[in-house]
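Colleague: Heads up: the sequence lines are chains A and B, in that order. Here my numbering is used: the first residue of the first sequence is 1, the next is one more, and so on. Here my numbering is used: the first residue of the second sequence is 1, the next is one more, and so on.
There are 2 protein chains.
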Amino acid sequence: MNMSDIDNLRREVAGLIIVRASGYSNDNQRCYPQWELSNLKLQNLLGKGIGGIILLGGSTIDIKHRCNTLQKWANRPLLLCADLEEGVGQRFDGATWLMPPLTLGRLYAKSPEKAIKLAERYGRCTGDQARRCGINWVLAPVCDVNNNSANPVINLRAWGEDSQTVSALVSAFQRGLASEGVLSCAKHFPGHGNTDVDSHLDLPEIQQEMSQLEEIELKPFQAAIDAGVDSIMTAHLNLPKIDPINPSTFSKEVVTQILRRKLAFKGLVVTDALVMKSIREKFEPGEAAVKAFAAGVDLILMPVSAEKAIDAITDALLSGRIPMTRLKEALGRRRESLNKVEDAKPNFVKTHCLKSEQQFERLEDRELAEEIIQSSIEFHHLKVIKKTDLGINLIFSDEILSSRFISNKSPAILLPKLTGYRQMITHLHGISPWQDDLEDPLCLHRLGDGPVIVQIFLRGNPFAGSQYRKKPWKAAIKQLQRSKRLSGLFIYGCPYLWEELVDLLEPSVPAAYSPGQMPEAQDFLLREFFKSQNEFSNNVPERVYEFTD
Amino acid sequence: MNMSDIDNLRREVAGLIIVRASGYSNDNQRCYPQWELSNLKLQNLLGKGIGGIILLGGSTIDIKHRCNTLQKWANRPLLLCADLEEGVGQRFDGATWLMPPLTLGRLYAKSPEKAIKLAERYGRCTGDQARRCGINWVLAPVCDVNNNSANPVINLRAWGEDSQTVSALVSAFQRGLASEGVLSCAKHFPGHGNTDVDSHLDLPEIQQEMSQLEEIELKPFQAAIDAGVDSIMTAHLNLPKIDPINPSTFSKEVVTQILRRKLAFKGLVVTDALVMKSIREKFEPGEAAVKAFAAGVDLILMPVSAEKAIDAITDALLSGRIPMTRLKEALGRRRESLNKVEDAKPNFVKTHCLKSEQQFERLEDRELAEEIIQSSIEFHHLKVIKKTDLGINLIFSDEILSSRFISNKSPAILLPKLTGYRQMITHLHGISPWQDDLEDPLCLHRLGDGPVIVQIFLRGNPFAGSQYRKKPWKAAIKQLQRSKRLSGLFIYGCPYLWEELVDLLEPSVPAAYSPGQMPEAQDFLLREFFKSQNEFSNNVPERVYEFTD
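#1: Is Lys241(B) helix, strand or coil by DSSP?
#2: As a quick exercise: from His65(A), Leu268(A), Asn75(A) and Asp62(A), pick the residue whose alpha carbon is nearest that of Asn44(A).
#3: Between Met424(A) and chain B, is any beta-carbon pair separated by less than 8 Å?
#4: Does the separation of the CB atoms of Ile322(B) and Ala316(B) fall below 8 Å?
#5: Please give the ranges of any beta strand (DSSP E) in the segment 155-235 of chain B, keeping only runs that are unbroken, at least 3 residues long and fully inside the region.
#6: Among the candidates Cys81(A), Gly488(A), Leu9(A) and Ala186(A), whose CA atom is the shortest distance from the CA of Thr325(A)?
#7: Within a Cβ cutoff of 6 Å, which residues of the same chain sit near Ser251(B), ignoring the five residues on either side of it in sequence?
#8: Pull up the DSSP beta-bridge partners for Gly87(B), would you.
#9: Report buried or exposed for Ala109(B), applying the criterion of at least 16 other Cβ atoms within 10 angstroms of its Cβ.
#10: How many Å lie between Lys550(B) and Asn393(B) at the Cα?
#11: Runs of 4 residues minimum, wholly inside the segment 290-334 of chain B: which ones carry the alpha helix (DSSP H) assignment?
#12: My assumption, with CB atoms under 8 Å, is that Ser59(B) sits in contact with Tyr24(A). Please give the rounded CB distance.
#13: Does any CB atom of chain A fall closer than 8 Å to the CB of Leu102(B)?
#14: Whose CA, out of Asp198(B), Lys241(B) and Ile232(B), lies closest to the CA of Ser211(B)?
#15: Using a 10 Å radius around the Cβ and a threshold of 16 neighbouring Cβ atoms, would you call Gln374(A) buried or exposed?
#16: Would you tell me roughly how many angstroms separate the C-alpha atoms of Ser410(A) and Asn151(A), rounded to the nearest one?
#17: Just mark His192(B) as buried or exposed, buried being the case when its beta carbon has 16 or more other beta carbons within 10 Å.
#18: Counting only runs of 3+ residues fully inside the segment 41-78 of chain A, write out the beta strand (DSSP E) ranges in chain order.
#19: Whole angstroms are fine: how far does the CA of Val197(A) sit from the CA of Asn147(A)?
#20: Using CA coordinates, which residue listed in Leu156(B), Ser4(B) and Val502(B) is at the minimum distance from Phe379(B)?
#21: Out of Asp230(A), Asn26(A), Cys494(A) and Phe189(A), which has the shortest C-alpha to C-alpha gap to Asn238(A)?
#22: Ordered along the chain, which non-local residues of its own chain (more than five positions away) have a Cβ less than 6 Å from that of Ile456(A)?
#23: For chain B, is any of its Cβ atoms less than 8 Å away from the one on Tyr24(A)?
#24: Please tell me whether Cys31(A) has its Cβ less than 8 Å away from any Cβ of chain B.
#25: Within its chain, find whatever has a CB closer than 6 Å to the CB of Asp365(B); leave out the 5 residues flanking it on each side and keep chain order.
#26: Assign His445(B) to buried or exposed, taking buried as 16 or more other Cβ atoms, counted over all protein chains shown, within 10 Å of its Cβ.
#27: Just to make sure I have the definition right: I need the residues of chain A whose C-beta is within less than 8 Å of the C-beta of Leu401(B). Which are they?
#28: Below 8 Å between beta carbons: does that hold for Leu37(B) and Ala119(B)?
#29: Going by other Cβ atoms of all chains shown within 10 Å of its Cβ, with 16 needed for buried, is Asp226(B) buried or exposed?
#30: Considering only the alpha carbon of each residue, which of Gln435(B), Leu318(B) and Lys471(B) lies closest to Asp5(B)?
#31: Would you decide whether Asp436(A) is buried or exposed? Buried here means 16 or more other CB atoms lie within 10 Å of its CB.
#32: How many Å lie between Ala521(B) and Pro515(B) at the Cα?
#33: Are the C-beta atoms of Pro433(A) and some chain B residue less than 8 Å apart?
#34: Looking only at its chain, what residues have a beta carbon closer than 6 Å to the beta carbon of Glu205(A), apart from the 5 residues adjacent to it on each side?
#35: The alpha helix (DSSP H) with Gly13(B) in it runs from where to where?
#36: Starting from Phe490(A), follow its DSSP beta bridges and name the residues at the other end.
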């Protein structure tokens, strides 16, 4: 091979690499500058033939503009993807943020047909909005079965806690998404549900035998494949009974033997982000990309260094360590996927409408979001909470800086305030409300006097680990009840915490649970408890959504 | 007059009204839904002939898109304005956020020529970026003389503490801004500096005689007029010695006699927002607009109800309470102002450049911002703070929800963390670090053991009142020094607080002050104190700004 052949090869290899960028157009707006490439770097890599970009952050206007620009810079079709597991609004402001998938998993037990219909609409809403933003590859559905309630990272992101539920709902989601002309991605193969370790922080070990995987974990992936899922993302897991040496992302057994041969998957296989600590700290950047590609993966997501990944894979191809056929098949699958997106485009050319262009979220989107909220919030003892002069609205949230669900306009703050409960927001980086006392874990004199409503915002969050989950919540609730100060308990997020705490409540204590943390869910949950006050209509905007179409 | 004449009149009157909207395009992104009109409402009012819109919030991409849309909906030139007193980045993410004006006021005492040059560049930077966003009317410069250090609302927004400094700098700012083809606005007439009351909450009373006003407050306005300022905003103040009945916004004496006749101002006069509590609670919505218009004001900013303002002014014109000539002259001035903007446009048509389009902030903008930062940060005892295992980074900020300067990527959190100081963020809505003890006002056992660095983010903020300013800061610093725990003191914002506290410091305590609170200022201030650690280069992105042009 001469130099120009090698350059061409390097350029083809670059097509396999997906790098990360901010959804904001300005470098100075990046929320994670250590991971999100600068514009100069992006232009440089796009010039080298990089294959796709994963995007996070910004409004629907920002992201649409951003996707347009990236496509222009590349001057050829790109894979533009985002982790849109809970609707486009989960990542991009102004779009529809839907209740987490587990909400429908729980509904499925009671009303499977309704859950399936909602899951299909969930897919359609996500696909339609993604496409209108310029995203052509949705990194969803999560196909993991959340059969470990201590799972710190999957939790509400899963569509269910058993494989039958997950299979039924991810198939429905896939049908909806596919009808909107964007690509999908089933993750995290071969199943990330049964662990209590966060793979963002360490490599979880899953002890299942192949027969157990076949029994549970693989079924939703098979269902997604049968429903036509376009791509599958590998998990960073150790499965010693399946491959005693390599984690799943690097395992030929997992990727080629099980996924390609056994499950007969024909679409794109992509790694989970290679910058994740579990991989980054144990494998050299170039070698990590080579190992994944050699195992049968097609696309490399967020390598520590795109250049090193390109160089290392190119070298492995030139040396014969990886056969050239691997490159051909990976590029072929990528091309087919992009063609699929292009072919679908004519179906979605709509007449230009200035009015509806301005309101990104459509009436049907809002209706879907509300329907899921209404079908999932659980009320324990629904009664109006009396007005007081010195109530404390004790809010727990692991993160409050840049929070998307707690702000000065959040119903969780506004509604209790009108009833006399002033907010006291506690978080992991403030003065602790806790003390070293197993019986009385809350340091009550730090809060001051008066009745207390407790609002806990807690869910399995990547990176956060389980620090917050392990707080002595049970003892705290008992303590507040003993001292006759608990006026209400409201939990947003983790269903397992709710189930633990609701049983402790005295029958007279108002309480409720919402799987979602978004303001609309807070509003629906709290409004009934804080409704009879007179000032209401004057001070809090009603949940009015105005639609122009 | 027949009905269609009256409709035409009403439509002309609507041209005098400026309403408020979010810079975000989606209704569900509004940060202040009680004040920011919905898209449906905006389209309706634009159809009725509303004259302009004041905008807040969003990225540079959002706001540009928003301005385009509003212009399209109106189908005629609109006044599109924003409170851009500290650069466009003060209001719109991704643009340049400059140090507050008082920074240059302080510099003027040492180096008047340098301060004047920077003020002119400040105006150019603001004007250029505003225009590129679609904003054609910048509500700056503040012409108030901040001669009352307890002023809760002007403070750092003023260009100086004496009228000569303010006059020199606002003239320079005006020259710079005008060269960029956008309109300016001198505020808050006849001078809002000498009060310790926030007019957002109550109507301040200013006891000055006319001769005193002429001596101090009016001079910067005269200077701005001489420099060609396009509009002047009235303040909501009681000046019993000037007009014993009406607040300045409603005072014919202030607006017509002093501003029009004495100062011979020919441009647009606009009210400050009529929704401000001091006006809203004392005057009926329609009547407030009529009073302002009758006094000689041309444009009505943020009336409580646009419809009521239009109806009431129309009625006043029809009844003869206000002469029709008032309407003619106001509309004439509005038209002239818009013509000025249109006439300047050809000067700014640039060749389309995809690269530079993506990086909104230009190299010269960044250089200006850095130059002002470097010329204004004060170091007290500059030495590297030693690494520790259990330091506390005690951050005080009146607001942390949705803060634009404190986030997980803020240097104020990241840099101390690398030296072993973990953040403890206190705010008005969390567990209090204070106790009832004049000598020892900080409740130290709530913080835990270890050395403490104190970072205070405090400035005069509209609405916040002076609640935070009045904390026992002096005693707290003394207390930490007595207990040998103070490792550093860093203040961002109010210069008067810095001056009070720096004198108390033992000579060995590192300390510094920045007038600005933005991340770039934190970085410049802290980097020298936390620099010698090894992990540095790996963990904190250097202050690299990459420019493509």
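Glycine included, each C-beta is placed from N, C-alpha and C at the ideal position.
Modeller: In short:
#1: As a first step, residue 241(B) must be located in the second sequence, where it is residue number 241. Residue state, collapsed to three classes: coil.
#2: Residue numbering aside, residue 44(A) sits at position 44 when the first sequence is read from its first letter. Minimum Cα distance to Asn44(A) is reached at Asn75(A).
#3: To locate residue 424(A), count along the first sequence from 1; it is residue 424. Chain B, which has a Cβ nearer than 8 Å to the Cβ of Met424(A), makes this yes.
#4: In the second sequence, residue 322(B) corresponds to position 322, counting from 1. In the second sequence, residue 316(B) corresponds to position 316, counting from 1. Going by C-beta atoms, Ile322(B) is nearer than 8 Å to Ala316(B).
#5: 185-189 and 231-234
#6: On the first sequence, residue 325(A) is found 325 positions in, with the first residue counted as 1. Residue Leu9(A) is the option with its Cα nearest to Thr325(A).
#7: The residue given as residue 251(B) occupies position 251 in the second sequence. Result list for Ser251(B): Asp243 and Ala295, in chain order.
#8: Stepping through the second sequence from its first residue, residue 87(B) is reached at position 87. Paired residues: Glu85(B).
#9: Position 109 of the second sequence holds residue 109(B). The residue is exposed, with fewer than 16 neighbouring Cβ atoms inside 10 Å.
#10: The requested residue 550(B) is not part of the displayed model; chain B covers only 1 to 549.
#11: Listed in chain order, the alpha helix (DSSP H) elements of length 4 or more contained wholly in the segment 290-334 of chain B are 306-319.
#12: Within the second sequence, the letter at position 59 stands for residue 59(B). Within the first sequence, the letter at position 24 stands for residue 24(A). Contact holds; Cβ gap of about 6 Å.
#13: Position 102 of the second sequence, counting from 1, holds the residue named residue 102(B). Answer no: the Cβ-Cβ gap between Leu102(B) and chain A never drops below 8 Å.
#14: Within the second sequence, residue 211(B) is the residue found at index 211, counting from 1. Of Asp198(B), Lys241(B) and Ile232(B), the residue nearest in Cα terms is Lys241(B).
#15: For this step, residue 374(A) is matched to residue 374 along the first sequence. With fewer than 16 Cβ atoms within 10 Å of its Cβ, Gln374(A) is classed as exposed.
#16: Here residue 410(A) is taken as the residue at index 410 of the first sequence, counted from 1. Here residue 151(A) is taken as the residue at index 151 of the first sequence, counted from 1. Counting only the Cα atoms, Asn151(A) lies some 28 Å from Ser410(A).
#17: Here the question's residue 192(B) lines up with position 192 in the second sequence. Burial call: buried.
#18: 52-56
#19: The count along the first sequence starts at 1 and reaches residue 147(A) at position 147. The count along the first sequence starts at 1 and reaches residue 197(A) at position 197. Roughly 13 Å between the two C-alpha positions.
#20: In the second sequence, residue 379(B) corresponds to position 379, counting from 1. Per the Cα distances, Val502(B).
#21: Residue mapping note: residue 238(A) aligns to position 238 of the first sequence, counting from 1. Ranking the options by Cα distance to Asn238(A), first place goes to Phe189(A).
#22: For the purposes of this step, residue 456(A) is identified with residue 456 of the first sequence, where counting begins at 1. Closer than 6 Å at Cβ, skipping near neighbours: Phe396 and Ile491.
#23: Sequence index remark: in the first sequence, residue 24(A) carries index 24 (1-based). Cβ-Cβ to chain B under 8 Å: yes for Tyr24(A).
#24: By 1-based counting over the first sequence, the position of residue 31(A) is 31. Chain B, which has a Cβ nearer than 8 Å to the Cβ of Cys31(A), makes this yes.
#25: If you number the second sequence from 1, residue 365(B) lands on position 365. Result list for Asp365(B): Thr96 and Cys125, in chain order.
#26: Position 445 of the second sequence, counting from 1, holds the residue named residue 445(B). Result: exposed.
#27: Along the second sequence, read from residue 1 onward, the residue named residue 401(B) stands at position 401. Those are Ile400, Ser403, Ile406, Ser407, Asn408 and Ile425, listed as they occur along chain A.
#28: The count along the second sequence starts at 1 and reaches residue 37(B) at position 37. The count along the second sequence starts at 1 and reaches residue 119(B) at position 119. Taking 8 Å as the Cβ cut-off, Leu37(B) and Ala119(B) do not qualify as a contacting pair.
#29: In the second sequence, counting from the first residue as 1, residue 226(B) sits at position 226. Asp226(B) should be labelled exposed.
#30: Your numbering for residue 5(B) matches position 5 in the second sequence. Of the candidates Gln435(B), Leu318(B) and Lys471(B), the one whose C-alpha sits nearest the C-alpha of Asp5(B) is Leu318(B).
#31: By 1-based counting over the first sequence, the position of residue 436(A) is 436. Under this definition Asp436(A) is an exposed residue.
#32: Residue numbering aside, residue 521(B) sits at position 521 when the second sequence is read from its first letter. Residue numbering aside, residue 515(B) sits at position 515 when the second sequence is read from its first letter. In a straight line, the C-alpha of Ala521(B) is about 9 Å away from that of Pro515(B).
#33: As a first step, residue 433(A) is located in the first sequence; it is residue number 433 there, counting from the start. Chain B, which has a Cβ nearer than 8 Å to the Cβ of Pro433(A), makes this yes.
#34: Locating residue 205(A) in the first sequence gives position 205, counting from the first residue. Cβ within range, chain order: Asn238.
#35: As a first step, residue 13(B) is located in the second sequence; it is residue number 13 there, counting from the start. The sequence given here places Val at residue 13(B); Gly does not occur at that position. Met3 to Ala14 is the extent of the alpha helix (DSSP H) around Val13(B).
#36: Indexing the first sequence from 1 puts residue 490(A) at position 490. In the DSSP output, where bridge partners are listed per residue, Phe490(A) has Gln455(A) and Ala512(A).
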